[in-house]
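Here's the structure we're looking at; comments come further down.
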Amino acid sequence: TEMKSKENSIFQVIAESFEEKELEVPIFSEDDIMLVCQQANCDEEKAKDALAETKGDIAQAILRLTSG
-14 TEMKSKENSI
-4 FQVIAESFEE
6 KELEVPIFSE
16 DDIMLVCQQA
26 NCDEEKAKDA
36 LAETKGDIAQ
46 AILRLTSG
């Protein structure tokens, strides 16, 4: 539906159902990725995966990558 005033229009949208999703926001920086790469001698993709799995814990990410 639409409601109009002199200067504005207000729209109302009604849906039968909806889905909520949380946005995935990286919790680690580019510096964190580079540090893990250097310490674990791995590529950026592996470092990002390890950081994601450890929720940004740099030490745990390095251990995960270096302890096979």
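Here the sequence shown stands for residues -14 to 53, numbered as in the numbering used here. Beta carbons: idealized from backbone N, C-alpha and C, even for Gly. Please read all numbers here as calculations on a predicted model, not as lab measurements.
query                                                                                                               : result
On the three-state DSSP scale, how would you describe residue -5?                                                   : strand
With three or more C-beta pairs closer than 8 Å as the rule, is the segment 43 to 51 touching the segment 18 to 33? : yes
For residue 43 versus residue 33, is the C-beta distance shorter than 7 Å?                                          : no
Rounded to whole angstroms, what is the Cα-Cα separation between residue 21 and residue 35?                         : 9 Å
Between the Cα of residue 16 and the Cα atoms of 41, 0, -11 and -6, which residue gives the shortest distance?      : 41
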